[in-house]
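Notes to accompany the following structure.
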Amino acid sequence: MNQASLHQIIALENQDPTKANDLNKLFELRLSTNLSLIKDLFFSLYPEETHTTSFKRLLKQLPALFKERPISLKLQDIHRLKQGDWYQSEQLVGMQLYVDHFSKDLMGLESKLGYFEKLGVNFLHLMPITPRPNGENDGGYAVNSYYEVDKRFGTKKDLLRLTEKLRDKNMYLMLDFVANHTSNEFPWAKKAMAGDPKYQEYYYIYPDRTIPDAFEETLPEIFPMTSPGNFTFNTEMQQWVMTVFNQYQWDLNYSNPEVFIAMLDNLLKLVNLGVDVVRLDALAFMWKKLGTLSQNLPEAHALISLFRMCLQIIAPGVVFLAEAIVAPNEIIKYFGSGATKGNECEIAYNATLMALLWDAIATKKTILLYKNLHNLPKKPEEATWISYIRCHDDIGLGFDDRYIDEVGWDAKNHRKFLLDYYCQNIDWSPAKGEIFMYNPKTGDGRITGSCASLLGLEKALEQNDKAKINQAIDKIIMMHGIILSYGGIPLIYAGDEIGALNDYSYIKDINKKEDSRWVNRPYQDWETVAHLDSKKTYHSIIFFALQELILIRKQKRVFADSNNLILYDDHNPHVFIYERTSDNNEGVLVVCNFSESPQAIAEISLGPYGSLAKPKDLITGNATKFVKGKLELKPYQLFWLSKT
Ligand code: GLC
């Protein structure tokens, strides 16, 4: 039983506490429930012998932070706790967007809420809206503040009004907490640069190359082309600063407990704006240790759990999303394992599924997909995924070489094939993507491009090839049909719902041209949206297909995530089949064809969804036809079968 379940019991036993006194009592109850864990986690990171003063400061800070939380949000916290695992509901469907590219600013976004409602989206991930340096700023992931609103998006008042509207409409908001680093313009960085020793200890700063060289013996490079190495020489201080990502992103030194305490304050100020889910950016990198990769360290897990345990007593309705795009077996640990079991993040990106779906598209085979999914440890009951196809970042091929070898492919050649397939090195490939951060030293690279362009729509339109256009549309719909049914919160990347193509305008921008991820950060095409209802175009076909799938998802409890997924792989290698199971015979069997040729599946491979069950396809509403005991699938066809 994790701590969240204890807090749910506490909430259920305290009927409608509305007075300040009742709420304070609840806070005290929650504090005493988590206190010993907080103490253990804190002293595991910061030894008791030297850090009791900091711990006492933390204990004083907690009630002060609770006092700052607006009463409406305190009441919502209680409501959320009573609801239990609200984030696993089939009712949630998300969209990720850049506010400036989508609607210019926050006021603009408020005027677009009807668009989300039309599609069925009720969960928004807004890319960073906090102040950032004017030049390069990694799309806002270089932060000058954790809770102010950058002028380009409007004001804090605009944000507060928006969050209130979202709450009224039962919509949810996710914002980033860029926990690993600040920009070099952040007030702490500026003080450090001015020579203040207190703030120099907030970062990893060294007078010469001795320690940086020692670190770099094992630290991998994240952006080898634009920001090689892991340290940057700062001319003002005449010292070296750790900058694992870009040179203007300074890594915070969490081995200093003052950094944790100050960041907790920033976190609470952020969630008090009305945030429901906090995306913990780059959390795998939060603890550094000489001689290691400084990723996924046990101390990073303890630190995340410490944040979680503190947040849980102040704002228990808020949950964490782990942005850990790491090896499959490491991702799962961010739900908490061992000492922190169940007490880290509630949600994580299903980066494994995402990358392997792209593998299946390129190879037209699902064997590697199955191999990896079968070998993934089961996630905890109370956890869920973000299921996604594309996001603002590149597609990393983070799956294990071992399984590539086991399916009989050569891992190195296979990875090269995927890069070639998606990044325009193979003539016959329909994909039009770009390479991101190719490292000639290792041959590693990542893939970027919009969903539609990677799935062949851009090339097909250029060639004016109707059949290929239709095939690309089918692929786009099938891929979305998977994330909408697989389990977890489906997160549609804004623009994909109308088949947005690559946007090459970034090449003309000096602050963006080195970062090919911008090719997939398109401006929303409102002109196209205006004609969705009146014109039949590829945009409208995709939009209305997604709208329909979302509608069906919300009508079926079985799509809520309760670890009710069974993979079926006793059939041909081009097909992906899984069941969302239910106790009351209301399961759904998802069947999709990753091949450009038709496939036939023997009904024996469909388990209880064979002809005797007279399955109906929820998507078309039609009874399923079997030909000689086989289910026939057109290229890239998707079925959601239910028994009748
Ligand atoms: C995360 C973000 C990515 C950013 C990086 C550094 O991975 O998704 O866009 O570049 O963190 O903040």
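Numbering of the sequence shown is given in my numbering, commencing with residue 5 and proceeding in unit increments. Quick reminder that beta carbons are idealized off the backbone N, C-alpha and C, glycines included. Note that the structure is predicted; figures quoted are calculated from it, not measured.
- Task: Quick one: using the 10 Å Cβ neighbour count with 16 as the cut-off for buried, is Gln-87 buried or exposed?
- Result: As a first step, residue 87 is located in the sequence shown; it is residue number 83 there, counting from the start. By the neighbour-count rule (16 or more Cβ atoms within 10 Å), Gln-87 is not buried but exposed.
- Message: Could you tell me which whole alpha helix (DSSP H) segments of length 4 or greater appear in the stretch 123-201?
- Response: Those alpha helix (DSSP H) runs which fall completely within the stretch 123-201 and span 4+ residues are 160-172 and 191-197.
- Item | Secondary structure of Lys-273, DSSP reduced to three states | The residue given as residue 273 occupies position 269 in the sequence shown. Here Lys-273 sits in helix by DSSP.
- Of the residues Arg-84, Leu-77 and Ser-48, which one's Cα is nearest the Cα of Leu-16? Here residue 16 corresponds to residue number 12 of the sequence shown, with the count starting at 1. Of the residues Arg-84, Leu-77 and Ser-48, the one whose Cα lies closest to the Cα of Leu-16 is Arg-84.
- Query: Per DSSP, what kind of secondary structure is Ser-36 in: helix, strand or coil?
  - Reply: Locating residue 36 in the sequence shown gives position 32, counting from the first residue. Three-state result, Ser-36: helix.
- Item | Sub-7 Å separation of Ala-319 and Asp-104 beta-carbons | Residue 319 sits at position 315 when you count from the first residue of the sequence shown. Residue 104 sits at position 100 when you count from the first residue of the sequence shown. No, these two residues do not count as a Cβ contact at 7 Å.
- Item | Inter-residue spacing [alpha-carbon to alpha-carbon] between Ala-387 and Phe-339 | On the sequence shown, residue 387 is found 383 positions in, with the first residue counted as 1. On the sequence shown, residue 339 is found 335 positions in, with the first residue counted as 1. Here the alpha carbon of Ala-387 sits roughly 7 Å from the alpha carbon of Phe-339.
- CA-CA distance, Leu-284 and Asp-469? Position 280 of the sequence shown, counted from the first residue, corresponds to residue 284. Position 465 of the sequence shown, counted from the first residue, corresponds to residue 469. Going by the C-alpha atoms only, they are around 43 Å apart.
- Task: Report yes if the C-beta of Tyr-150 is less than 6 Å from at least one heavy atom of the ligand GLC; otherwise report no.
- Result: As a position in the sequence shown, residue 150 is number 146, starting the count at 1. Incorrect: Tyr-150 has no Cβ contact closer than 6 Å to the ligand GLC.
- Indicate whether Arg-521 and Thr-446 have their beta-carbon atoms separated by less than 7 Å. On the sequence shown, position 517 is the one that residue 521 refers to. On the sequence shown, position 442 is the one that residue 446 refers to. No, these two residues do not count as a Cβ contact at 7 Å.
- Task: Provide the residue(s) that pair with Gly-98 in DSSP beta bridges, ordered along the chain.
- Result: Along the sequence shown, one-based indexing puts residue 98 at 94. Per DSSP, Phe-127 and Leu-495.
- Out of Gln-100, Gln-251, Phe-630 and Glu-531, which has the shortest C-alpha to C-alpha gap to Arg-525? Translated into the one-based positions of the sequence shown, residue 525 becomes position 521. Proximity to Arg-525 across Gln-100, Gln-251, Phe-630 and Glu-531 peaks at Gln-100, based on C-alpha coordinates.
- Task: Using alpha carbons as the reference points, say which of Pro-216, Thr-167, Gly-144 and Gln-316 lies closest to Val-182.
- Result: Taking the first residue of the sequence shown as 1, we reach residue 182 at position 178. Of Pro-216, Thr-167, Gly-144 and Gln-316, the residue nearest in Cα terms is Gly-144.
- With a threshold of 6 Å, establish whether the CB of Tyr-145 neighbours any heavy atom of the ligand NAD. Here the bound small molecules are the ligand GLC; the ligand NAD is not part of this structure.
- Can you check whether the CB of Asn-38 is closer than 7 Å to the CB of Met-313? Sequence index remark: in the sequence shown, residue 313 carries index 309 (1-based). Sequence index remark: in the sequence shown, residue 38 carries index 34 (1-based). A contact, by the Cβ cut-off of 7 Å.
- Residue span of the beta strand (DSSP E) that contains Gly-289, given as start and end: On the sequence shown, position 285 is the one that residue 289 refers to. Position check: residue 289 holds Phe in this sequence, whereas Gly was assumed. Note, Phe-289: premise wrong, no beta strand (DSSP E); not H, not E.
- Which class does Ala-364 belong to by DSSP, given the choice of helix, strand or coil? Walking along the sequence shown from the start, residue 364 turns up at place 360. Residue state, collapsed to three classes: helix.
- Going by beta carbon distance, what residues of the same chain come within less than 6 Å of Gly-449, once the five residues before and after it are set aside? Residue 449 sits at position 445 when you count from the first residue of the sequence shown. Within the same chain, and ignoring the five residues on either side of Gly-449 in sequence, the residues whose Cβ sits closer than 6 Å to its Cβ are Leu-423, Ile-439 and Tyr-442.
- Hey, how far is the Cα of Arg-557 from the Cα of Ile-623? Position 553 of the sequence shown, counted from the start, is the residue given in the question as residue 557. Position 619 of the sequence shown, counted from the start, is the residue given in the question as residue 623. The alpha-carbon of Arg-557 is positioned some 10 Å away from that of Ile-623.
- Item | Within 7 Å, strictly: CB atoms of Ala-435 and Leu-461 | Start at 1 with the first residue of the sequence shown, and residue 435 comes out as number 431. Start at 1 with the first residue of the sequence shown, and residue 461 comes out as number 457. No.
- Does DSSP put Asp-565 in a helix, in a strand, or in coil? Taking the first residue of the sequence shown as position 1, residue 565 is located at position 561. Looking at Asp-565 - three-state DSSP - the assignment turns out to be coil, as it is neither helix nor strand.
- Task: Using only alpha-carbon positions, find the residue among Asp-513, Asn-429, Gln-204 and Ile-14 that is nearest to Gly-139.
- Result: Counting from one through the sequence shown, the residue named residue 139 turns up at place 135. Nearest in C-alpha terms to Gly-139, of all of Asp-513, Asn-429, Gln-204 and Ile-14, is Asp-513.
- Per DSSP, cross-strand counterpart(s) of Trp-389: Counting from 1 along the sequence shown, the entry for residue 389 is found at position 385. Ala-352, per the DSSP bridge assignment.
- What residue range is occupied by the uninterrupted beta strand (DSSP E) comprising Glu-438? Working through the sequence shown from its first residue, we reach residue 438 at position 434. Its beta strand (DSSP E) spans residues 438-443.
- Message: Please report the straight-line C-alpha distance between Val-153 and Pro-135, rounded to a whole angstrom.
- Response: By 1-based counting over the sequence shown, the position of residue 153 is 149. By 1-based counting over the sequence shown, the position of residue 135 is 131. Looking at the two C-alpha atoms, the distance is approximately 6 Å.
- Kindly list the residues whose CB is nearer than 7 Å to the CB of Pro-384, restricted to its own chain and excluding five residues on each side of it in sequence; keep chain order. The residue you call residue 384 lines up with position 380 of the sequence shown. Only Phe-339 and Gly-346 meet the Cβ criterion.
- Step through the CB atoms of chain C and report whether any lies within less than 7 Å of the CB of Ile-605. Among the chains in the structure shown there is no chain C, since it carries only a single protein chain.
- Item | Opening and closing residue of the beta strand (DSSP E) in which Trp-530 lies | Within the sequence shown, residue 530 is the residue found at index 526, counting from 1. No beta strand (DSSP E) holds Trp-530; the alpha helix (DSSP H) holding it covers 530-534.
- Query: Is any heavy atom of the ligand GLC found at a distance shorter than 6 Å from the C-beta of Ala-266?
  - Reply: Working through the sequence shown from its first residue, we reach residue 266 at position 262. For the ligand GLC, not one heavy atom lies less than 6 Å from the Cβ of Ala-266.
- Query: Straight-line CA distance for Leu-113 to Gln-316?
  - Reply: Along the sequence shown, one-based indexing puts residue 113 at 109. Along the sequence shown, one-based indexing puts residue 316 at 312. If you draw a straight line from the Cα of Leu-113 to the Cα of Gln-316, it comes to about 30 Å.
- Item | Lys-29 versus Leu-325: straight-line alpha-carbon distance, rounded | Within the sequence shown, the letter at position 25 stands for residue 29. Within the sequence shown, the letter at position 321 stands for residue 325. For Lys-29 and Leu-325, the distance between alpha carbons rounds to 29 Å.
- On the premise that Tyr-497 lies in contact with Arg-394, defined as a C-beta separation below 8 Å, what is that separation, rounded to the nearest angstrom? Here residue 394 refers to the residue found at position 390 of the sequence shown. Here residue 497 refers to the residue found at position 493 of the sequence shown. Right, the Cβ-Cβ distance comes to about 4 Å (below 8 Å), so this counts as a contact.
- Item | Inter-residue Cα distance where the pair is Ile-42 and Lys-375 | Working through the sequence shown from its first residue, we reach residue 42 at position 38. Working through the sequence shown from its first residue, we reach residue 375 at position 371. Those two C-alpha atoms are separated by around 39 Å.
- Item | Rounded C-alpha distance that separates Thr-57 from Asn-260 | Translated into the one-based positions of the sequence shown, residue 57 becomes position 53. Translated into the one-based positions of the sequence shown, residue 260 becomes position 256. Between Thr-57 and Asn-260, the C-alpha separation is close to 13 Å.
- Message: Just list the residues that DSSP pairs Asn-238 with in beta bridges.
- Response: By 1-based counting over the sequence shown, the position of residue 238 is 234. Beta-bridge pairing links Asn-238 to Gln-243.
- Measure the C-alpha to C-alpha separation of Thr-247 and Val-279 and round it to an integer number of angstroms. Walking along the sequence shown from the start, residue 247 turns up at place 243. Walking along the sequence shown from the start, residue 279 turns up at place 275. Put simply, the backbone Cα of Thr-247 is about 28 Å away from that of Val-279.
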